[in-house]
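Chemist: Protein chains in written order, with the working numbering: chain A, 85 to 222; chain B, 2 to 267.
Positions of the beta carbon are idealized from the N, C-alpha and C atoms, including for glycine.
1) Quick one: grab the DSSP three-state call for residue 161 of chain B.
2) Taking Cβ-Cβ distances below 8 Å as the criterion, which residues of the region 68-100 of chain B are in contact with chain A?
3) Could you compute how far the alpha carbon of residue 105 of chain A sits from the alpha carbon of residue 69 of chain B?
4) Are there three or more Cβ pairs, one per stretch, closer than 8 Å when the region 203-214 of chain B is compared with the region 163-172 of chain B?
5) Check residue 30 of chain B in the structure and name its three-state DSSP category.
6) Does the beta-carbon of residue 21 of chain B have 16 or more other beta-carbons within 10 angstroms, so that it is buried, or is it exposed?
7) Tell me, please, whether the CB atom of residue 49 of chain B is closer than 9 Å to any CB atom in chain A?
8) Does residue 11 of chain B come out as helix, strand or coil in the three-state DSSP assignment?
9) For the putative contact between residue 223 of chain B and residue 182 of chain A, defined by C-beta atoms under 8 Å, what is the C-beta separation to the nearest angstrom?
10) Work out the CA separation of residue 81 of chain B and residue 73 of chain B for me, nearest whole Å.
11) Is the number of C-beta pairs between the region 138-146 of chain A and the region 115-131 of chain B that are closer than 8 Å three or more?
12) Assign residue 144 of chain B to one of three DSSP states: helix, strand, or coil.
13) Taking 9 Å as the cut-off, decide whether the C-beta atoms of residue 221 of chain B and residue 152 of chain B are in contact.
14) Can a CB atom of chain B be found closer than 9 Å to the CB of residue 143 of chain A?
15) Which word fits residue 162 of chain A, buried or exposed, when buried means at least 16 other C-beta atoms lie within 10 angstroms of its C-beta?
16) Which whole-angstrom value describes the C-beta separation of residue 170 of chain A and residue 213 of chain A, a residue pair presumed to lie in contact below a C-beta threshold of 8 Å?
17) Classify residue 17 of chain B as helix, strand or coil using the three-state DSSP reduction.
18) Check the DSSP bridge columns for residue 24 of chain B and list the partner residues they point to.
19) Chain A beta carbons: is any one of them nearer than 9 Å to that of residue 63 of chain B?
20) Tell me, to the nearest whole angstrom, how far the beta carbon of residue 227 of chain B is from that of residue 155 of chain B; I am working on the premise that it is less than 8 Å.
21) Run through chain A and tell me which residues come within less than 8 Å of residue 59 of chain B, C-beta to C-beta.
22) Using a Cβ-Cβ distance cut-off of 9 Å, determine whether residue 161 of chain B contacts chain A.
23) In angstroms with no decimal places, state the Cα-to-Cα distance between residue 255 of chain B and residue 247 of chain B.
24) Distance, Cα to Cα, residue 124 of chain B vs residue 218 of chain B?
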């Protein structure tokens, strides 16, 4: 049996090189695609996770906290439940101040009930509820 | 064949006659021919194998490259569609619109419920989440939507003053008061419909919509009055005041009411 060493085909070598290059191109394009699809999917949902809501809270952005609660609720995202409860508390507190000062007793009582209920459910975040009480002069 | 010397039957490949031992001339030529044929056959076989292998190698690689290029092209087209912010917004709106269309009954019922219960904040976020502002099915809700959004914007600005949030551009109470003044001064035009020459009999102002608009205005007035400690007269007259006048009045109050937040501001 002949054991002749075959000369490599330069075209095949070139094609192999192109395949290697294409693998890198596909990886790069794949990452780019993943990034944008991920970004789009996330932006479609409008919802916020607990870390985002914690960040809002760290910046005293209670308006964003309330927005996050509503958006999460509408999108079926219940991951940040304790933050939702705190947002409920702040919203009720802000409304309570209006109704009690305007003498709308029934509506004020309704908000007070919501506040009391939220207080019981918020756990460690009650420290922020205390802070909100001070801010709203409750 | 037969041996030309003794006539004995011999094979074509026998070099000598097995009977008389004389040389078989035909065999030498035959063997040389066979050798030549064998070599030719081997060379042809080798050439066929080489060419076939080379062809297969090249073709398979070319096919792989073509598939990879096609996949990359498709991915690039999709990436292009998703990377462009306008396209992304379009995709998002299309997706949300499809969801709304699919759940039209629920969405309408929820809106109605929010309207009846005067849930201004919830409604404003619901509108945003479901992109309902441009939805022709809810054109009757046009002013109701603007009222809910205006209420929420003012509410957010008040919260920012109360909690001292600085915003992304380091806004302070002055800027928040300016924002509130914009929504109040624009209320009659955009919520009331003066800017659009709305007829009071328009379906946008009739029935529950009309009651909602009236209550939203009152709720906004109450909210601004309480958080800026305005007198009844000041609160009632803010709807007819100019933007700068409202902003000045609110900021003046704000400095007294929220000194911690206004710390360092002139």
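Modeler: From the atom records:
1) helix
2) 69, 70, 72, 73, 76, 77, 79, 80, 83, 84, 89, 92, 93, 96 and 97
3) 10 Å
4) no
5) helix
6) exposed
7) no
8) coil
9) 5 Å
10) 12 Å
11) no
12) helix
13) yes
14) yes
15) exposed
16) 6 Å
17) strand
18) B/17
19) yes
20) Residue 227 of chain B to residue 155 of chain B, Cβ: 12 Å. No contact.
21) 93, 95, 96 and 99
22) yes
23) 12 Å
24) 15 Å
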